[in-house]
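Asker: Take a look at this one; I'll ask things after.
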DNA sequence: TAACTGTTTACCAAATTGTTAACGATGCCT
DNA sequence: AGGCATCGTTAACAATTTGGTAAACAGTTA
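Protein chains in written order, with our numbering: chain A, 1 to 226; chain B, 227 to 452.
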């Protein structure tokens with residue numbers, strides 16, 4: 001399963017931003033770039049990336065400060081954070097980890113190493129973090145029991161239907177492209193017809209009996225309660 | 227384009243070569259076959275394939291070695307590489323990816339799976355052509371999703387609208403002549419009326435609800451936040 | 001067998017898109 | 001002021017794209 005995620009890189013050295021960004025996006029990640037600590041925070045708040053890579057030495061706010069701010073907010077509890085720095089001494093390293101970073105890499109960095117480190121991190125999270133019960137408004141979506149509950153009543157969805165709903169509901173308000181849906185629910189290997197997604201969407205809408213999936217024509221679908 | 231791309235397959239097992247080669251050429255690719263690492267390198271240098279599929283266990287040079295050699299040469303920086311092997315353990319896999327492979331498939335391989343994986347890879351590269359997520363101030367422009375985000379909310383633009391905005395925003399502050407806009411967004415062979423650009427500009431302004439496109443009378447337009 | 005699931009096909013309806021035409025506003029130049 | 005060129009805006013249009021839907025089908029499961 002190709003899990004494309006959003007990664008925010010923050011570093012004041014443009015060269016490093018470029019090369020790391022290029023390599024990560026080549027691997028299928030969606031990359032956001034920030035040149036200082038404040039911009040990093042802005043972008044993080046706007047886009048809720050899955051992973052944040054922070055250089056420690058940055059203008060306005062250091063990586064450690066950014067990390068502390070993020071970690072103090074419940075919204076970013078699950079966000080992965082990698083610290084990046086030229087200082088390889090232990091003291092800084094410990095400070096970084098203390099502030100809640102998930103990994104710590106010292107410069108100079110080979111892009112390849114970074115990529116496989118990132119992959120590893122995503123893999124780790126996929127194992128334990130992916131199975132959360134979502135609850136949005138009156139609706140609860142339980143990925144363990146494959147059951148959706150709305151206003152007290154259980155609604156049973158088929159597997160694909162459920163996975164599709166779960167994906168959309170995992171980021172309410174966010175638009176998912178048909179491509180994203182395909183690679184997340186069906187995987188990259190499988191090739192299915194154009195109408196397949198629609199049909200599943202229709203079945204979900206029918207069963208849920210509530211208008212919670214919005215069509216964004218020409219783009220995709222999003223989850224949204226009305 | 228008479229073929230979708232050139233693919234070099236290297237494997238010492240002739241059966242596998244045959245069946246994969248057959249399936250790929252059936253799908254419109256031009257296929258080159260090598261039976262060992264050295265031959266693979268020779269063919270790669272002669273033909274500059276778009277994609278190289280490397281078995282790891284091969285005489286003379288392993289797939290990883292071949293991969294390293296290729297990746298160390300700037301000529302092959304953009305060449306796609308898929309690793310192929312019987313070993314499915316993570317260590318090898320990470321080694322493979324670290325050596326710069328773009329994908330990793332473990333045997334036994336269904337030809338169908340390989341083909342769709344290859345297709346996926348080609349698709350990804352085609353799309354990636356230098357497209358980066360732009361972020362200017364409060365606004366981010368994601369060329370993959372065709373979505374503009376402002377202060378956390380998604381704004382959906384039509385294709386032409388998006389292309390136009392992306393062009394302008396790719397060089398904030400720089401003025402684009404109407405001619406430049408036409409040839410970049412509409413192409414050189416299409417002939418459209420004078421007012422077409424204006425109308426699209428208008429629609430963008432409307433949707434973005436922020437004053438970010440400035441008219442330079444008699445010259446063109448530029449992107450600029452106020 | 002019967003029920004269900006995932007998918008495809010085919011057709012239809014609806015929305016969207018790109019474009020043009022027409023008209024007004026604005027500013028520039030003499 | 002008057003004439004000219006440029007741009008903004010709106011409305012309208014046709015072509016196309018897109019998504020919704022029903023029905024059918026093969027594969028699975030009960």
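Think of the CB as a built atom: it goes at the ideal place given N, C-alpha and C, for glycine as much as any other residue.
1. Just checking: is the beta-carbon of residue 371 of chain B within a distance shorter than 7 Å of some beta-carbon in chain A?
2. With distances taken between CB atoms, is the gap from residue 360 of chain B to residue 384 of chain B smaller than 7 Å?
3. Taking 7 Å as the CB-CB cut-off, is residue 14 of chain A touching chain B?
4. Taking 6 Å as the limit between beta carbons, can you name the residues of its chain near residue 71 of chain A, skipping five residues before and five after?
5. From what residue to what residue does the beta strand (DSSP E) around residue 51 of chain A run?
6. Just checking: is the beta-carbon of residue 53 of chain A within a distance shorter than 7 Å of some beta-carbon in chain B?
7. Would you kindly report the start and end of the unbroken alpha helix (DSSP H) that includes residue 386 of chain B?
8. Write down every uninterrupted run of the alpha helix (DSSP H) in the stretch 414-452 of chain B whose length is 4 residues or greater and which is fully enclosed by it, in chain order.
9. What did DSSP end up calling residue 122 of chain A once you bin it into helix, strand or coil?
10. DSSP three-state call for residue 302 of chain B: helix, strand or coil?
11. Give every residue of the same chain whose Cβ lies closer than 7 Å to the Cβ of residue 129 of chain A, excluding the five residues on either side of it in the sequence, and list them in chain order.
12. Using DSSP's beta-bridge definition, name the partner residues of residue 6 of chain A.
13. Would you mind reading off the limits of the alpha helix (DSSP H) that contains residue 185 of chain A?
14. Could you give the distance in angstroms between the alpha-carbon of residue 7 of chain A and the alpha-carbon of residue 51 of chain A?
15. From the beta carbon of residue 177 of chain A, is the nearest beta carbon of chain B less than 7 Å away?
16. What residues in the stretch 214-225 of chain A have a beta carbon less than 9 Å from any beta carbon of chain B?
17. With DSSP collapsed to three states, give me the class of residue 359 of chain B.
18. Specify whether the stretch 243-261 of chain B and the stretch 214-225 of chain A touch according to this definition: at least 3 beta carbon pairs, one from each stretch, less than 8 Å apart.
19. Determine which residues share a DSSP beta bridge with residue 402 of chain B and list them.
20. Any beta carbon of chain B sitting closer than 7 Å to that of residue 17 of chain A?
21. Would you say residue 108 of chain A and residue 19 of chain A are within 7 Å of each other, going by their C-beta atoms?
22. Contact criterion: CB-CB distance below 7 Å. Does residue 380 of chain B meet it with respect to chain A?
23. For residue 32 of chain A and chain B, any beta-carbon pair shorter than 7 Å?
24. Helix, strand or coil: which one does DSSP assign to residue 145 of chain A?
25. Measuring CA to CA, which of A:211, A:220, A:219 is closest to residue 226 of chain A?
26. At least one CB of chain B closer than 7 Å to the CB of residue 191 of chain A: is that the case?
27. With H, G and I counted as helix, E and B as strand and the rest as coil, what does DSSP make of residue 156 of chain A?
28. Considering only C-alpha positions, which residue in the set B:373, B:386, B:421 is nearest to residue 177 of chain A?
29. Alpha carbon to alpha carbon, what distance is there between residue 182 of chain A and residue 192 of chain A?
Answerer: Walking through what the data contain:
1. yes
2. no
3. no
4. 100
5. 51-55
6. no
7. 385-396
8. 421-434
9. helix
10. helix
11. Because residue 129 of chain A sits at a pLDDT of 48, beneath the cut-off of 50, its placement in the model cannot be relied upon, and the following sentence gives the value as read from the coordinates. Cβ neighbours of residue 129 of chain A beyond the five flanking positions: 78.
12. A:30
13. Taken as a continuous stretch (DSSP letters only), residue 185 of chain A belongs to no alpha helix (DSSP H), as it is neither H nor E.
14. 5 Å
15. yes
16. 216, 217, 218, 219, 220, 222
17. coil
18. no
19. B:447
20. no
21. no
22. yes
23. yes
24. coil
25. A:211
26. yes
27. strand
28. B:373
29. 8 Å
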